[in-house]
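Student: Have a look at the structure that comes next, please.
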Amino acid sequence: MPDRFHPLVAVLAVVVPLALVLGTVPAGAVGNGNGEDGVVAASIVRGPDNVLLPVVGEFAGSTVVSSTCGREVVYEGGTPVHAGGDNAIDVVLDPGHGGPEPGAVGANGLTERDLNLMVTFHAKLALEELGHSVVLTRHRDLHMPIRQRTAIVRALDPRAFVSIHHNGGAVKRSDTPGTEAFHQVDQPESQRLAGLLFEEVQAVFADYWVPWVRTYHQGVSARLRESRTDTYGVLRMTRGVPAAIVEGLYLSNPPEAELLALPEIQQAEGQAIARAVHRFLTTSDPGSGFKEPFHDPHTTGTGTARGCVDRTYTDPVEIVTGFTADEYASLVSTARAMGRSPDWLIRFGVYTLKFLGDLPGAAPTTELAEVDRPDAYGPNAVPVVWDQAEQVVLVRMAEAYDLTRTQVQKLGATLMVFLANLPPTLNDRSSDTP
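The opening position of the sequence shown corresponds to residue 0 in numbering that gives the first Met the number 0, with each subsequent residue numbered one higher.
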C-alpha cells in the first residue's frame, strides 16, 4: 500500500493492536444513533406497507433510518411525515405489543396484540371525525421495540401520546371495571391525560355488567423505578410530550375477554379513548381516579428488539475499488494470512475505521487533505457487497472523511494491511513483558 497513507492510518491504528481489533469489532456491527432514550431522529418518513421510519440523518448523500426493529439501515424513498406548522400532529396512538409479543391472551383466544390494534383504529377514526390529526405507531401486526415507538413520538412531537393496552393477571373481584391508566411521574399534563382516559374508558365499560376483576392499581398512577423514573419505557422515553398508557380491561378474565371480543365493544372503547383525548386537547378538565405513585421496577421483558427480523428496505449494493498490482498483492497476501477473502478484509477495515474513531479520547474524524485522499482506481478491481445495515457504516465513514464510498473501501484496505504488518511488539500483546 502507498506510504503516503501511513500517517493517517498510524494515528488510528497504533491505539489498538490488531489482535484486540479482531476480537472486538463484530463482523456485522454497525454503530447506532441511539442514546439512552433510544433512537435519535429529527423526522419521520413513511416506508413500505405504511411503516413509520425515524430518519437518523443524511450521510454522503444517503438517508439512514431506524428500521422497525430499531436498527440503522440505508433507505432511499418514503414519504415525509411532516410534524410542524400547518401539518402539526395532534395525537400519536400506539397499539401495544405486536408480532411475536401477543401480550395478554384471553381464554377465547383473543390476543391483546390484535385487540389493541382494532381499538386503536376506532380511536383514530373518531379523533379524525373530531378534527384532529392522528398518526399510529403501527398499522398492522408488527414487531416494534419500545425504543422505535418512542423515537416516532419524539420526532413528531404531538400534543398527546396514548399507548393502548389491555391487562392480564388480576383475580380480585370488583364491582366496577378494573381500568388502569399510567402517567409520567411529576408531569401534570400527562397525569391529566391519564385521568381523562381512565374516566372515559371505565365509564363506557360500566354500562355493562360482568364479573369484573381488578388489582390495587385500578385508577390512575405513576409506576416508578427505584431512581424515581418511570418504569414504562413508553413514558420514560417520551418526556416532553404529554403521554399516558391506558389498560382497558382484563383479557385474562374470561367474561371480560368475551365482552372485548364484540366488535361494538371495541368500537365503543376506541370512541371513549377519542373522547378523552379530545377533552384533553380542548378543555381544562382534570380527569379523575388519581392515586399516589408506587415503586415497581419489574416489567414483562417485552418491547425489546430481541428476535426482531427486519424486512429488506434497500437492496444490497456492490461497490468496486481498484488497486495497483502492488496494492492488490499486499491485500491478497494479508487476507490469505488471516484466512479471509480480500472483500472481507476491506469490509472489516471500514468497520475498524469506525471502531477506532469511536474509541474514548480519539480525535474527531475530519476531511482529509488532498494529498491523503486515497486513489481508488487501478487495474485490479475488488467488489464488495453491502447489505442495507452494512451500508450505514460505509456512508458514515464517507461523510466523516468527505470521501466516496469507493475511497472509504480503499482506506479500510490500507488500514488492515498496515495493521497486519506492524512489528510484532506492537501487534501482539502476548509479547509484552511484565
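Think of the CB as a built atom: it goes at the ideal place given N, C-alpha and C, for glycine as much as any other residue.
(1) Grab the span of the beta strand (DSSP E) containing T62 for me, first residue to last.
(2) CB Y249 to CB A169, shorter than 8 Å?
(3) Can you give me the Cβ contacts of T434 inside the same chain, cut-off strictly under 6 Å, excluding the 5 residues immediately before and after it?
(4) Mapping DSSP to helix, strand and coil, what is S220?
(5) State the Cα-Cα distance for the pair R238 and Q183, rounded to the nearest angstrom.
(6) To the nearest whole angstrom, what separates the beta carbons of V316 and Q390, a pair I think is in contact under 8 Å?
(7) Does the Cβ-Cβ distance between H165 and E246 come in under 8 Å?
(8) Label T78 either buried or exposed according to how many other C-beta atoms from any shown protein chain fall within 10 Å of its C-beta, with 16 as the threshold for buried.
(9) Examine chain D for any beta-carbon lying closer than 8 Å to the beta-carbon of S329, and answer yes or no.
(10) With distances taken between CB atoms, is the gap from A412 to L344 smaller than 8 Å?
(11) Which residue from L114, V233, P292, A419 puts its Cα closest to that of G338?
(12) Cβ of V200 within 8 Å of Cβ of A271?
(13) Let's see if you can read the secondary structure: which residues bound the alpha helix (DSSP H) around D93?
(14) Three-state secondary structure (DSSP) at E246?
(15) Enumerate in chain order the residues of its own chain whose CB-to-CB distance from P144 is below 7 Å, with the five nearest sequence positions on each side excluded.
(16) Which two residues bound the contiguous alpha helix (DSSP H) that contains R45?
(17) Along the chain, which unbroken stretches of the beta strand (DSSP E) at least 3 residues long are found entirely within the region 93–122?
(18) Per DSSP, what kind of secondary structure is K171 in: helix, strand or coil?
(19) Of all the options K409, A260, H138, which has the alpha carbon lying nearest to the alpha carbon of A106?
(20) Relative to the C-alpha of V118, which candidate in H142, V90, I163 has its C-alpha closest?
(21) Around the C-beta of E57, are 16 or more other C-beta atoms found within 10 angstroms, so that it is buried, or is it exposed?
(22) Let me know the secondary structure DSSP gives A380 once reduced to three states.
(23) List the endpoints of the continuous beta strand (DSSP E) containing L129.
(24) Among G102, T149, P292, which has the Cα closest to the Cα of T298?
(25) Tell me which residue opens and which closes the beta strand (DSSP E) that R213 is part of.
(26) Determine the DSSP secondary structure at P285, reduced to helix, strand or coil.
Tutor: This is what the structure holds:
(1) Locating residue 62 in the sequence shown gives position 63, counting from the first residue. If you look at T62, you'll find it in the beta strand (DSSP E) that goes 61–65.
(2) If you number the sequence shown from 1, residue 249 lands on position 250. If you number the sequence shown from 1, residue 169 lands on position 170. Yes, Cβ-Cβ distance for Y249 and A169 is below 8 Å.
(3) Outside the displayed span of the chain (0 to 433) sits residue 434, for which this structure offers no information.
(4) For this step, residue 220 is matched to residue 221 along the sequence shown. Of the three classes helix, strand and coil, the one that applies to S220 here is strand, per DSSP.
(5) Start at 1 with the first residue of the sequence shown, and residue 238 comes out as number 239. Start at 1 with the first residue of the sequence shown, and residue 183 comes out as number 184. One alpha carbon belongs to R238, the other to Q183, and they sit about 8 Å apart.
(6) The residue you call residue 316 lines up with position 317 of the sequence shown. The residue you call residue 390 lines up with position 391 of the sequence shown. With 8 Å as the limit, V316 and Q390 qualify as a contact, their Cβ atoms being about 6 Å apart.
(7) For the purposes of this step, residue 165 is taken as residue 166 along the sequence shown, with counting starting at 1. For the purposes of this step, residue 246 is taken as residue 247 along the sequence shown, with counting starting at 1. In contact: H165 and E246 (Cβ atoms closer than 8 Å).
(8) Translated into positions along the sequence shown, residue 78 becomes position 79. Answer is exposed; the Cβ neighbour count stays below 16.
(9) The structure shown contains no chain D; it holds only a single protein chain.
(10) As a working mapping, residue 412 is identified with position 413 in the sequence shown. As a working mapping, residue 344 is identified with position 345 in the sequence shown. Yes; because the gap between Cβ atoms is below 8 Å, this pair is in contact.
(11) Along the sequence shown, one-based indexing puts residue 338 at 339. Per the Cα distances, A419.
(12) Taking the sequence shown and counting its residues from 1, one reaches residue 200 at position 201. Taking the sequence shown and counting its residues from 1, one reaches residue 271 at position 272. Result yes, Cβ atoms of V200 and A271 sit closer than 8 Å.
(13) Indexing the sequence shown from 1 puts residue 93 at position 94. Looking at the DSSP string, D93 is not in any alpha helix (DSSP H); the run it does join, the beta strand (DSSP E), is 90–94.
(14) Residue mapping note: residue 246 aligns to position 247 of the sequence shown, counting from 1. The DSSP-derived three-state label of E246 is strand.
(15) Working through the sequence shown from its first residue, we reach residue 144 at position 145. Closer than 7 Å at Cβ, skipping near neighbours: C68, G69, G302, T303, A304, C307.
(16) Start at 1 with the first residue of the sequence shown, and residue 45 comes out as number 46. Boundaries around R45 are those of the beta strand (DSSP E), 42–45, since no alpha helix (DSSP H) includes it.
(17) At a cut-off of 3 residues, not a single continuous stretch assigned as beta strand (DSSP E) sits fully inside the region 93–122.
(18) The residue you call residue 171 lines up with position 172 of the sequence shown. DSSP places K171 in strand when its eight states are reduced to three.
(19) By 1-based counting over the sequence shown, the position of residue 106 is 107. Residue A260 is the option with its Cα nearest to A106.
(20) To locate residue 118, count along the sequence shown from 1; it is residue 119. Nearest option by C-alpha distance: I163.
(21) The residue labelled residue 57 in the question sits at position 58 within the sequence shown. So E57 ends up on the exposed side.
(22) Locating residue 380 in the sequence shown gives position 381, where the first residue counts as 1. Looking at A380 - three-state DSSP - the assignment turns out to be strand.
(23) Locating residue 129 in the sequence shown gives position 130, counting from the first residue. If you look at L129, you'll find it isn't in any beta strand (DSSP E); DSSP assigns it neither H nor E.
(24) Here residue 298 refers to the residue found at position 299 when the sequence shown is read from its first residue. Closest option to T298, Cα to Cα, is G102.
(25) Here residue 213 refers to the residue found at position 214 of the sequence shown. For R213, the enclosing beta strand (DSSP E) covers residues 211–213.
(26) Translated into the one-based positions of the sequence shown, residue 285 becomes position 286. Collapsing the DSSP output to three states places P285 in coil.
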